[in-house]
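S.K.:
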DNA sequence: GTTTCATTGTTAGGTTGTCTAACTATTAAT
DNA sequence: ATTAATAGTTAGACAACCTAACAATGAAAC
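Chains as they are written, first to last, in the UniProt record's numbering: chain A, 1 to 173; chain B, 1 to 173.
See below:
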């Protein structure tokens, strides 16, 4: 059974500020949106801490995680791929990889089969550092979800999908 | 009943990449985490679009939203307050307000009762612009949550609270 | 009331991370 | 063989943050 305690139906704290219902408005709906915002803020803060701890920028960390994920799949990532996934230019990706290499988190290796390209690999150090930094957090998150019932997971999944669609469906006009 | 369709129990698309279960691992739990990540990415992308549309930086928009929220409460925000909420220095807040003023989104007014402080107010133009830009999106999000059952809202609220705790409980170590 | 310390905001100068534009090296197409 | 497209690098500009030093006001001590 999920150990998660609802802070809406159950607990006290009312997610404060920011959202305020369009009209008369069901308070608990607003609460949910405020909680979503809170989660976002917590994640942003966490990224800030990690950034501080590892002395890296925002995208550098995301890039490193892509590299690690690729490594587990024995896949090869080029700078181009990083640029695409991070939505930055090739030029920026180039200096991003410069930074990763300078810090010892990644390595440039010749790309097999296309001599224009440079394959980028995470180093063991990068692997270690990221895992150590994020492992516990990931474990906690996984555990929370794992302890939920299938129905609850379906509800949450539907919620997240719908929220994502709300954001994706082109916001202004 | 909620019109939201679960993409886990229901639909096809399997939230791809990134998360991969610690061990053997219940796939749908991983799906939920991937959906959470997707939501994050969608929100980041949305902010990017808004930023582009309005020609402002990330924090500028958040600041403007704080100002608008304060306005609806007839509250007075000082630059200090903005700096605190945005986690930037007073110096940065100063130039942030410079930018808002330059773009016509905010106004510096003498603070009633403390001549050191400068109160910052959103202008009507700032109000209009933000509302027009974000209104539809907010409405869509609100609608989704409003159409959920109380039980579903409680489940989602518990999930978000637990995820936030997972992030907040100090990540490394 | 004057001296002293704390608070708020500004300015100057530096760093970082992005961008565009111009260039090289390789690959693919005609 | 020439031409066009792709991958990466470099140089230079810009935006937004930072720290440090400063001015002005407020509060507290004496």
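Cβ atoms here follow ideal geometry from the backbone N, Cα and C, with glycine treated the same way.
Shorter than 9 Å from the beta carbon of residue 152 (chain B) to some beta carbon of chain A?
M.R.: yes
S.K.: Residues of chain A with CB under 8 Å from residue 128 (chain B), in chain order?
M.R.: Per Cβ cutoff of 8 Å: no residues; residue 128 (chain B) is ~13 Å from chain A at best.
S.K.: Tell me whether the region 105 to 112 of chain B and the region 112 to 132 of chain A touch, counting them as touching only if at least three CB pairs, one residue from each stretch, are closer than 8 Å.
M.R.: no
S.K.: Cβ of residue 68 (chain B) within 9 Å of Cβ of residue 120 (chain B)?
M.R.: no
S.K.: Are the region 50 to 65 of chain B and the region 80 to 95 of chain B touching by the rule of at least three beta carbon pairs closer than 8 Å?
M.R.: Judged by Cβ distances under 8 Å, the region 50 to 65 of chain B makes contact with the region 80 to 95 of chain B, as three or more pairs qualify.
S.K.: Taking Cβ-Cβ distances shorter than 8 Å, what residues in chain B pair up with residue 114 (chain A)?
M.R.: Under the 8 Å cutoff, chain B gives no residues; its nearest Cβ is about 23 Å from residue 114 (chain A).
S.K.: Kindly give me the distance between the Cβ atoms of residue 133 (chain A) and residue 32 (chain A), rounded to whole angstroms, as I take these residues to be in contact under 8 Å.
M.R.: Not confirmed; about 30 Å, so no contact.
S.K.: Run through chain A and tell me which residues come within less than 7 Å of residue 141 (chain B), C-beta to C-beta.
M.R.: 33, 163 and 166
S.K.: What's the call for residue 149 (chain A), buried or exposed, on a 16-neighbour Cβ count within 10 Å?
M.R.: exposed
S.K.: Which of the residues in the region 73 to 98 of chain A, read from start to end, lie with their CB under 7 Å from any CB of chain B?
M.R.: none
S.K.: If you draw a straight line from the alpha carbon of residue 90 (chain A) to that of residue 58 (chain A), how long is it in whole angstroms?
M.R.: 17 Å
S.K.: Alpha carbon to alpha carbon, how far is residue 45 (chain B) from residue 160 (chain B)?
M.R.: 21 Å
S.K.: Am I right that residue 146 (chain B) and residue 29 (chain A) are in contact with their C-beta atoms under 8 Å? What's the rounded C-beta distance?
M.R.: With a Cβ gap of about 5 Å, residue 146 (chain B) and residue 29 (chain A) count as contacting.
S.K.: Measure the C-alpha to C-alpha separation of residue 122 (chain A) and residue 114 (chain A) and round it to an integer number of angstroms.
M.R.: For residue 122 (chain A) and residue 114 (chain A), the distance between alpha carbons rounds to 20 Å.
S.K.: Whose C-beta lies closer than 8 Å to the C-beta of residue 166 (chain A) among residues of the same chain, with five residues either side of it excluded?
M.R.: none
S.K.: Please confirm whether residue 155 (chain A) has its beta-carbon closer than 9 Å to some beta-carbon of chain B.
M.R.: yes
S.K.: From the DSSP secondary-structure annotation, give me the bridge partner or partners of residue 109 (chain B).
M.R.: B:119
S.K.: Would you say residue 45 (chain A) faces chain B, with C-beta separation under 9 Å as the test?
M.R.: For residue 45 (chain A), a Cβ of chain B is located within less than 9 Å of the residue's own Cβ.
S.K.: Helix, strand or coil for residue 131 (chain A) per DSSP?
M.R.: helix
S.K.: Starting from residue 169 (chain B), find everything on chain A with Cβ-Cβ shorter than 9 Å and list it in chain order.
M.R.: 136, 137 and 140
S.K.: Helix, strand or coil for residue 78 (chain A)? Go by DSSP, reduced to three states.
M.R.: strand
S.K.: How far does the alpha helix (DSSP H) with residue 69 (chain A) in it extend, from its first residue to its last?
M.R.: 58 to 72
S.K.: According to DSSP, simplified to helix, strand and coil, what is residue 104 (chain A)?
M.R.: Of the three classes helix, strand and coil, the one that applies to residue 104 (chain A) here is coil, per DSSP.
S.K.: Using a cut-off of 9 Å between C-beta atoms, extract the partners of residue 28 (chain B) located in chain A.
M.R.: Using a Cβ-Cβ cut-off of 9 Å, residue 28 (chain B) is close to 145, 150, 153, 154 and 157 of chain A, given in chain order.
S.K.: Using 10 angstroms around the beta-carbon of residue 131 (chain B), count the other beta-carbons present and answer buried if the total reaches 16, otherwise exposed.
M.R.: exposed
S.K.: Below 8 Å CB to CB, which residues in the same chain sit around residue 99 (chain B) once its five sequence neighbours on both sides are set aside?
M.R.: 56, 57 and 60
S.K.: Does any C-beta atom of chain B lie closer than 9 Å to the C-beta of residue 160 (chain A)?
M.R.: yes
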